[in-house]
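Undergrad:
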Amino acid sequence: MTSRSEVTPWWRNRRYLPWLVQGAVALVIGVVVAFLLTNLLLNLTARGLLLSWSWLGQPAGFDLAETILPFDASLPYWRAMLAGLVNTLRVVIAGLVGATVLGTLIGTASFSSNGLLRRLARVYVEVIRNIPLLLQLIFWYFVVFLALPNGRDALQLPGLVLAKSGLFLGSPELVDGVWQAPLRFTVEFGALLTGLVVYTAAFIAEVVRGGIASVPKGQWEAATSLGFPPLLTLRRIVLPQALRVIVPGLNSQYISLAKNSSLAVACGFTDLYSVSETTLNQTGRAIEVMLILLGSYLVIDLVISALMNGLNGLVQLRER
Amino acid sequence: MATTPPLVVRASPLRRLQKELFGSRLDGLISIALLAALLAAGLGFFRWALFQAQWAVLSANSTLFAVGRYPVEQQWRLWLLTTLLALATGFSWGLLRAFPGSGAVRALWPRNDRWAAAILAVLALWRPMALQLTLAIQVRWWGIAGLLLLARWAAGRYGPAIPQACRRLIPLLWPLLYLVGMVLISGGLGLVQVPPSEWGGLLLTVLMATFAILLCFPLGVLLALGRRSELPLLRWGSVIYIEFIRGAPLITLLFLGQNILGFLLPGGLAPDRVWRAAWVLTFFAAAYVAEAVRSGLVAVPAGQLEAARSLGLPVPLALVHVVLPQALRVALPATVGQFITLLQDTTLLSLIGLLDLLGTARTVMANPMFLGKNAEVYLVLAILFWSCCAALGLGSRALETRLNPHSPSAPQA
Chain A
644 MTSRSEVTPW WRNRRYLPWL VQGAVALVIG VVVAFLLTNL LLNLTARGLL
694 LSWSWLGQPA GFDLAETILP FDASLPYWRA MLAGLVNTLR VVIAGLVGAT
744 VLGTLIGTAS FSSNGLLRRL ARVYVEVIRN IPLLLQLIFW YFVVFLALPN
794 GRDALQLPGL VLAKSGLFLG SPELVDGVWQ APLRFTVEFG ALLTGLVVYT
844 AAFIAEVVRG GIASVPKGQW EAATSLGFPP LLTLRRIVLP QALRVIVPGL
894 NSQYISLAKN SSLAVACGFT DLYSVSETTL NQTGRAIEVM LILLGSYLVI
944 DLVISALMNG LNGLVQLRER
Chain B
201 MATTPPLVVR ASPLRRLQKE LFGSRLDGLI SIALLAALLA AGLGFFRWAL
251 FQAQWAVLSA NSTLFAVGRY PVEQQWRLWL LTTLLALATG FSWGLLRAFP
301 GSGAVRALWP RNDRWAAAIL AVLALWRPMA LQLTLAIQVR WWGIAGLLLL
351 ARWAAGRYGP AIPQACRRLI PLLWPLLYLV GMVLISGGLG LVQVPPSEWG
401 GLLLTVLMAT FAILLCFPLG VLLALGRRSE LPLLRWGSVI YIEFIRGAPL
451 ITLLFLGQNI LGFLLPGGLA PDRVWRAAWV LTFFAAAYVA EAVRSGLVAV
501 PAGQLEAARS LGLPVPLALV HVVLPQALRV ALPATVGQFI TLLQDTTLLS
551 LIGLLDLLGT ARTVMANPMF LGKNAEVYLV LAILFWSCCA ALGLGSRALE
601 TRLNPHSPSA PQA
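If you're matching them up, the sequences are chains A and B in order.
Using this note's numbering, read the first sequence as starting at 644 and increasing by one per residue.
Using this note's numbering, read the second sequence as starting at 201 and increasing by one per residue.
1. Return the CA-CA distance between B:Gly401 and B:Met408, expressed in angstroms with no decimal places.
2. Given that a residue counts as buried once 16 or more other Cβ atoms are within 10 Å of its Cβ, and exposed if not, what is A:Trp662?
3. Which value, in whole angstroms, describes the spacing of the CA atoms of A:Leu886 and A:Val958?
4. Which two residues bound the contiguous alpha helix (DSSP H) that contains B:Phe246?
5. Should B:Val257 and B:Glu576 be called a contact, given that it needs their Cβ atoms to be closer than 9 angstroms?
6. Among all the DSSP beta bridges, which residues are the ones paired with A:Gly809?
7. Quick one: measure Cβ to Cβ for B:Asp227 and B:Leu221, integer angstroms, because I've assumed they're closer than 8 angstroms.
8. Taking all protein chains shown into account, decide if B:Pro328 is buried (16 or more other Cβ within 10 angstroms of its Cβ) or exposed.
9. Three or more C-beta pairs under 8 angstroms: does that hold for the region 374-392 of chain B against the region 522-532 of chain B?
10. By the DSSP assignment, the beta strand (DSSP E) with B:Leu513 in it spans what residues?
11. Tell me, which residues are paired with A:Trp618 by DSSP?
12. Where does A:Glu702 sit, in a helix, a strand or coil, going by DSSP?
13. Helix, strand or coil, according to DSSP, for A:Arg827 in the structure here?
14. Quick one: Cα of A:Leu900 to Cα of B:Leu369, how far?
15. Considering only C-alpha positions, which residue in the set A:Leu759, A:Arg765, A:Asp706, A:Ala742 is nearest to B:Gly223?
16. Which first and last residues belong to the alpha helix (DSSP H) in which B:Gln275 is found?
17. Between the alpha carbons of A:Val735 and A:Ala742, how many angstroms are there, rounded?
18. When you measure from the CB of A:Asp706 to every non-hydrogen atom of the ligand ZN, does any distance come out below 8 angstroms?
19. So for B:Gly346, helix, strand or coil by DSSP?
20. For the region 789-808 of chain A against the region 694-706 of chain A, do three or more pairs of beta-carbon atoms, one drawn from each stretch, fall closer than 8 angstroms, so that the two count as touching?
21. So with CB distances below 9 angstroms, who are the chain A contacts of B:Pro375?
22. Looking at the C-beta of B:Phe585, does it have a partner C-beta in chain A at a distance below 9 angstroms?
23. Apart from the five residues just before and just after A:Ser904, which ones in its own chain have a Cβ nearer than 8 angstroms to its Cβ?
24. What separation, rounded to the nearest whole angstrom, lies between the Cα atoms of B:Val171 and B:Ala561?
25. Can you tell me which of the three DSSP states A:Asp715 falls into?
26. Taking the alpha-carbon positions, what's the A:Ala689 to A:Leu683 distance?
27. What's the C-alpha gap between A:Ala806 and A:Leu791?
28. Which residues in chain B sit within 7 angstroms of A:Ile781, going by Cβ to Cβ distance?
29. Are three or more beta carbon pairs between the region 536-554 of chain B and the region 588-598 of chain B nearer than 8 angstroms?
30. Going by C-alpha distance, which of B:Asp545, B:Arg297, B:Phe291 is nearest B:Leu308?
31. Measure how close the beta-carbons of B:Leu295 and B:Ala355 come, nearest whole angstrom, since I'm counting them as under 8 angstroms.
32. Looking at B:Leu377 and B:Ala288, is the spacing between their C-beta atoms short of 9 angstroms?
33. Find the nearest neighbour of B:Leu419 within the set B:Arg597, B:Ala582, B:Tyr578, B:Ala490, judged by alpha-carbon distance.
34. Could you tell me the boundaries of the beta strand (DSSP E) in which B:Gln254 lies?
35. Opposite B:Gly388 in the DSSP bridges: which residues?
36. Can you tell me whether B:Arg277 is buried or exposed? The criterion is at least 16 other CB atoms within 10 Å of its CB, across all chains shown.
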């Protein structure tokens, strides 16, 4: 048996150990960050690309296919990026509404008394979740929306026309073989929105299903025995309890949808990411463009989180 | 003590079907509408698939879809790798059956396995023929499938004869095979170098996905432990990293990797574009895996770590031997969910100009010869991705029951 000293060596002393570990980690992080930053500064100086924001005021020189804010090539870069941001917000907000509605329908369908409907809801979720979103977006754009007929052959419903040139709402009229209407959405927007809604709805359906399943069966039975009709039971008894589970789950799905909207570039929609990519290619301002891009998505995420946290506070059980 | 199963009166299948579909008048109407819609959709699909679709686009580009622009004279290396993989798969499959969990019955060919073998044989015979590959390549696929089944049979039959000492080393076969595979694919050690820019198609997708999955897991576990650490620097460092990554869309990070990594490293040190994307995928997935693992760590009672510490285990050992085994078991479904997402996320490589499976498809679509064949190609890609992701999900569920200490098929310690 070897002799052991009674005194703990200093490097195993619990008073110093945490500081030693943290010091080592801080040293490693510091050295790595310093190394990267030095290289960044050296490389940027060598290419004359040191951080500057004045280029944002120069004319962009490219056009955007689809904007709400009026935009043309003579307007500055910051206007282009703002127009892209507005496009992103447009598709995110429309997507949130659509995905919530479709997801709730499919999620509640998995509790239907009809066996076929129940199984179809499961099949929908399992099929959509296991196919990459990008593949689905490309499918919607190239296979479905770009194959739509144009002119007289377009799909026509009262007050609505769906053609290769877009979705026309209001009272669409055919003028010289071209559809005209007060409200028009492009097929790029349509494909992106459809893809995002169909994909996110599968995840929201799972959240809704989990939420409803978390309400004990006795709640249904008690309400029924008190004479509540099924829809009223769902609205007044089950949903208020299910929402406590559903709302936190929705939060992360909403943020995913906002981030996934950056795949717009695959179906030719000019969102923030696609405008930023063009801007970077033209100006070479990699750092500034990335800062704007990451910052914008971070703000969108934070706003969604804040709103959902507010909603969560409303639906949670208030204890006195 | 076994509990008595509840007494269930089973109605005849027809009667149950009637109750499921036509329980009430509304249900009946819904069922009829759904059945009509399904029938119309099914008929329309079959008419398209059999008479309108032109599948020649797949057979004409099968090599491109499989390996991209990998040099033809070096493709024997990939065939060798496929053969090795088939042998290792058959061998492991057989051993799993030779040493089942204590609850399961040992059988050389259980019913599931007979089905799997039959499906494999049909796929090996039919797929190369449907793709109209040359006879030489068809024969190779038959040979590889045959070897897989042979290895499966041999391991199931003679597996129990392997001495205990050797058996413990068998799982090391896979990491070893991975290294051999990397050498075979990229070259070196006397083989001609094949630069990553020439990898493509399924090869690139599988390589990126496996690389990122293997590396993001340990990183994610470290980040999750860091986030739960009592040391403020570790905790805040992990939190900032995880939240930064989770706040940004993957495509912007891939874009950042392609455009900014060159500025961050001294000239010439920056890795190839393919490897840059691989590292971005890894670091991206690590943040999500960290959150999955953290949910497992939360589920382990604090008393476990305290008990281990009071028995004299230092913190690292207590974490490795007591906390992590329990946490990872809880975190398994969420972690595999992240791996599935990661496999799907490899399609984003096509947006930064790499020729993964989807990128290859997009270049093929750009060829005027195959204009307008989008539906055929994307449908096949969707089926391929769907099968891989669904298989991963099924595997995760099987592993979950095997690891669950309360399930009947769990191995006894």
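Each residue gets a CB set at the ideal place from its N, CA and C atoms; glycine is no exception.
Just so you know, these numbers come straight off a predicted model, no measurement behind them.
TA: So, to answer that:
1. Taking the second sequence and counting its residues from 1, the one referred to as residue 401 of chain B is at position 201. Taking the second sequence and counting its residues from 1, the one referred to as residue 408 of chain B is at position 208. Roughly 11 angstroms separates the two Cα atoms.
2. The residue given as residue 662 of chain A occupies position 19 in the first sequence. Per the 10 Å Cβ criterion, exposed.
3. Stepping through the first sequence from its first residue, residue 886 of chain A is reached at position 243. Stepping through the first sequence from its first residue, residue 958 of chain A is reached at position 315. When rounded, the distance between both Cα atoms is 7 angstroms.
4. Here residue 246 of chain B is taken as the residue at index 46 of the second sequence, counted from 1. 225-247 is the span of the alpha helix (DSSP H), which, as asked, contains B:Phe246.
5. On the second sequence, position 57 is the one that residue 257 of chain B refers to. On the second sequence, position 376 is the one that residue 576 of chain B refers to. Yes, these two residues count as a Cβ contact at 9 angstroms.
6. Position 166 of the first sequence, counting from 1, holds the residue named residue 809 of chain A. A:Ala806, per the DSSP bridge assignment.
7. In the second sequence, counting from the first residue as 1, residue 227 of chain B sits at position 27. In the second sequence, counting from the first residue as 1, residue 221 of chain B sits at position 21. Indeed they touch by this definition, with Cβ atoms about 7 angstroms apart.
8. To locate residue 328 of chain B, count along the second sequence from 1; it is residue 128. With 16 or more other Cβ atoms within 10 Å, it is buried.
9. Judged by Cβ distances under 8 angstroms, the region 374-392 of chain B makes no contact with the region 522-532 of chain B, as fewer than three pairs qualify.
10. Within the second sequence, residue 513 of chain B is the residue found at index 313, counting from 1. Careful: B:Leu513 lies outside any beta strand (DSSP E) and carries neither H nor E.
11. Nothing about residue 618 of chain A can be reported from this structure: the residues present for chain A run from 644 to 963 only.
12. Working through the first sequence from its first residue, we reach residue 702 of chain A at position 59. Residue 702 of chain A is actually Pro in this sequence, not Glu. Assigned with DSSP and collapsed to three states, A:Pro702 falls in strand.
13. Here residue 827 of chain A corresponds to residue number 184 of the first sequence, with the count starting at 1. Note: A:Arg827 maps to strand in three-state DSSP.
14. In the first sequence, residue 900 of chain A corresponds to position 257, counting from 1. In the second sequence, residue 369 of chain B corresponds to position 169, counting from 1. One C-alpha to the other measures close to 45 angstroms.
15. As a working mapping, residue 223 of chain B is identified with position 23 in the second sequence. Of the candidates A:Leu759, A:Arg765, A:Asp706, A:Ala742, the one whose C-alpha sits nearest the C-alpha of B:Gly223 is A:Leu759.
16. As a working mapping, residue 275 of chain B is identified with position 75 in the second sequence. Neither: B:Gln275 is in no alpha helix (DSSP H) and is coded neither H nor E.
17. Residue numbering aside, residue 735 of chain A sits at position 92 when the first sequence is read from its first letter. Residue numbering aside, residue 742 of chain A sits at position 99 when the first sequence is read from its first letter. Take the alpha-carbon of A:Val735 and the one of A:Ala742: they are about 10 angstroms apart.
18. As far as ligands go, the structure on display features none, and thus does not contain the ligand ZN.
19. Counting from one through the second sequence, the residue named residue 346 of chain B turns up at place 146. Three-state DSSP puts B:Gly346 in a helix.
20. no
21. Numbered from 1 along the second sequence, position 175 holds the residue referred to as residue 375 of chain B. Chain A residues near B:Pro375: none, gap ~26 angstroms exceeds 9 angstroms.
22. Locating residue 585 of chain B in the second sequence gives position 385, where the first residue counts as 1. So, interface residue.
23. In the first sequence, residue 904 of chain A corresponds to position 261, counting from 1. Thr731, Val734, Val735, Gly738, Leu835, Leu839, Asp914.
24. Any property of residue 171 of chain B remains undetermined from this structure, which presents chain B solely from 201 to 613.
25. Residue mapping note: residue 715 of chain A aligns to position 72 of the first sequence, counting from 1. Coil.
26. If you number the first sequence from 1, residue 689 of chain A lands on position 46. If you number the first sequence from 1, residue 683 of chain A lands on position 40. Roughly 10 angstroms separates the two Cα atoms.
27. Counting from one through the first sequence, the residue named residue 806 of chain A turns up at place 163. Counting from one through the first sequence, the residue named residue 791 of chain A turns up at place 148. C-alpha separation (whole angstroms): 6 angstroms.
28. As a first step, residue 781 of chain A is located in the first sequence; it is residue number 138 there, counting from the start. The contacting residues are Tyr578.
29. yes
30. To locate residue 308 of chain B, count along the second sequence from 1; it is residue 108. Nearest option by C-alpha distance: B:Arg297.
31. Taking the first residue of the second sequence as 1, we reach residue 295 of chain B at position 95. Taking the first residue of the second sequence as 1, we reach residue 355 of chain B at position 155. Confirmed, about 5 angstroms.
32. Numbered from 1 along the second sequence, position 88 holds the residue referred to as residue 288 of chain B. Numbered from 1 along the second sequence, position 177 holds the residue referred to as residue 377 of chain B. Against a cut-off of 9 angstroms, the Cβ pair of B:Leu377 and B:Ala288 comes out as a contact.
33. What you label residue 419 of chain B is simply residue 219 of the second sequence in a count that begins at 1. Closest by alpha carbon: B:Ala490.
34. What you label residue 254 of chain B is simply residue 54 of the second sequence in a count that begins at 1. From DSSP, B:Gln254 is part of no beta strand (DSSP E); its letter is neither H nor E.
35. For the purposes of this step, residue 388 of chain B is taken as residue 188 along the second sequence, with counting starting at 1. Note: B:Gly388 sits in a beta bridge opposite B:Leu391.
36. Here residue 277 of chain B refers to the residue found at position 77 of the second sequence. Buried, by the Cβ-count rule.
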